[in-house]
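**Student:** Numbering (this note's numbering), first residue to last: 90 to 261.
For glycine and all other residues, C-beta sits at the position ideal for the given N, C-alpha and C.
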Amino acid sequence: MSQPVSHSGSIDDFNALPPDEAGDRLAACLPVPRWVATVSDGRPYADWPALEAVADSAARHLDDAELGVALAGHPRIGERASSPDHQATFSAREQAGVDPADAEVGRELAAGNAAYEERFDRVFLIRAAGRSAPEILAELRRRLDNDDDAERAETVTQLREIALLRLRQVVS
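1) Determine the closest residue to C118 out of D136, D102, V158, with distance taken between C-alpha atoms.
2) How would you write the range of the alpha helix (DSSP H) that P107 sits in, first residue to last?
3) Going straight from the alpha carbon of R196 to that of L226, what length do you get?
4) CB-CB under 6 Å to D101, same chain, minus the five flanking residues each way: which ones, in chain order?
5) Apart from the five residues on each side of it in sequence, which residues of its chain come closer than 6 Å, Cβ to Cβ, to V245?
6) Quick check on the burial criterion: 16 or more other C-beta atoms within 10 angstroms. Buried or exposed for R249?
7) First and last residue of the alpha helix (DSSP H) that includes G195?
8) Go ahead and pull the three-state DSSP assignment for P120.
9) Taking the straight line between their C-alpha atoms, what separation do you get for D238 and L115?
10) Cβ of A161 within 7 Å of any heavy atom in the ligand PLP?
11) Taking the C-alpha atoms as reference points, what is the distance between D145 and A200?
12) Determine, using beta carbons only, whether V121 and G112 come nearer to each other than 8 Å.
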């Protein structure tokens, strides 16, 4: 699943960041203070796999408060970042497969987002990077059939995948 970061100096640069700057960069990946502290405090890392292992492990469980904080950092699928909490640059890149000019897709995503939010009382989240709008819509529809526990687990998995993707970009 993961690919090593190609610039070994990038890990060294990340290791050398002042704690506040490392924390800011990590919070852009997953704004959960416990996760940020765990990953930052784990420095220095020998290489990308070592960093990835700590980041992955620390993101495998999110309590309800952490889940709420993490979801606040993401706009709805099909919408552009509208809050200062949203990581606009990351979100735009990740949702590149969703054409905002496609009115039909926009309507279907809006309806799916509304149904999801009514069912689960939170924003639908998926690792959109590398997925087309039809793939995202199919996943949204499939996940509407999940029970609460299964959907919460899928949401945490998606947050972890997004965090690792963003971390790869931050470090490289």
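**Tutor:** According to the structure shown:
1) Here the closest residue by C-alpha is V158.
2) Counting along the chain, P107 falls outside any alpha helix (DSSP H), and DSSP gives it neither H nor E.
3) Cα-Cα distance, rounded: 11 Å.
4) none
5) L151
6) buried
7) 192-209
8) coil
9) 27 Å
10) With respect to the ligand PLP, the structure offers nothing, as it holds no ligand at all.
11) 32 Å
12) no
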